[in-house]
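For the sequence shown, the numbering used here begins at -14 and goes up steadily by one.
Virtual Cβ for every residue (Gly too), placed ideally from N, Cα, C.
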Amino acid sequence: MRTTPHPAPGPFEPVPAAGDGASPSACSRTRVRGCSSRQTTAVLLLVFGGFLLPVVGWLLGLALWIPARGWSVRAKTAGVLVWPVTALGLTVTSAATYWLILPLGDPLSAIATSLFLLVPSSWFLLLLLAAWTLLGACDRRTRR
């Protein structure tokens, strides 16, 4: 009787489970920068929730962020302040544009309007950077 060796799994066959019961490919799909999906959701709601659902979205993110494991007290404090500081910055920038520069008339008001239209995109990039930094600051050993 002739026996053939067990063939190696192909690219579309399931990979045997690792020691913790999850396949390596499943872990890489559910983790962003070493954070679990729950941690990632907490960061995204904390940073962007206040702009999607004013104040309520930030409070939901805060409710997930405070008990979340994996960040230092310093990182948690920075995360809590991201949305309020950004909202305050946008408000101050808007007020300065409309009350100080626009009454001056053309051409300064046209320049100010053009720059004002760039402000939300620059703040959005800063928020993305803050979210990416918070996700990178989480402790990769935590699983929850």
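When the Cα atoms are used, what is the spatial distance from residue i to residue j?
i	j	result
L38	L73	16 Å
I96	F109	21 Å
T25	V65	15 Å
I51	W43	12 Å
L113	W84	29 Å
W117	A27	13 Å
S79	C20	35 Å
W68	G35	7 Å
G46	S107	22 Å
T76	R23	31 Å
L119	V70	16 Å
L29	T82	29 Å
L31	D124	18 Å
P88	F33	32 Å
V41	S99	31 Å
P92	I86	10 Å
What does DSSP give as the partner residues of residue i in its beta bridges?
i	result
C123	Per DSSP, none; premise fails for C123.
According to DSSP, is residue i helix, strand or coil?
i	result
A115	helix
My assumption, with CB atoms under 8 Å, is that residue i sits in contact with residue j. Please give the rounded CB distance.
i	j	result
R18	G121	5 Å
Those runs of the beta strand (DSSP E) which lie wholly inside the region 11 to 97 and span at least 3 residues: none
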